[in-house]
């Protein structure tokens, strides 16, 4: 059974993961909306201005693609951290149970080592 502290920490971690996912989704939506606005604005430019604006738009697209990729990487790391944290309780419990079983199994040897 998990301790109350672990359960509270796990709940906080769950909220943090959900908050991160929500922020990442909002950032991607904002970038998409910005790109749509830029494409719309681009239609009002002609000649050299249009060329310069298009180059700016292309640079921005590249940076947004990198930012989106970084958000995906961060999301994966946050989720992996959450998974590792969540499985930590059962992993430690299994290790302690195994240790307890090993101590019990070596009763006579353990007794001699402790002077009993």
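Numbering (the UniProt record's numbering), first residue to last: 1 to 116. Every residue, glycine too, gets a C-beta built ideally from N, C-alpha and C. Owing to the predicted nature of the structure, the values given are computational and were not obtained by experimental measurement.
Please name the residue, chosen from 75, 91, 98, that lies closest to residue 14 on a Cα-to-Cα basis. 75
Taking residue 68 and residue 31 to be in contact with their CB atoms under 8 Å, please state how far apart those CB atoms are, rounded to whole angstroms. 7 Å
Considering only their Cβ atoms, is the gap separating residue 42 from residue 53 smaller than 7 Å? yes
If we call anything under 7 Å between Cβ atoms a contact, is residue 78 one with residue 20? yes
Note down, in chain order, each residue of its chain lying with its Cβ closer than 8 Å to the Cβ of residue 39, except the 5 sequence neighbours on either side. 57
So, under 8 Å CB-CB, residue 71 and residue 16 are touching, yes? Tell me the CB distance rounded to an integer number of Å. The pair is not a contact, with the Cβ atoms about 15 Å apart (cut-off 8 Å).
Helix, strand or coil for residue 46? Go by DSSP, reduced to three states. coil
Comparing C-alpha positions only, which one of 50, 34, 84, 35 sits nearest to residue 10? 84
Among the candidates 73, 87, 63, whose CA atom is the shortest distance from the CA of residue 134? No answer is possible for residue 134: it lies beyond the span of the chain, which begins at 1 and ends at 116.
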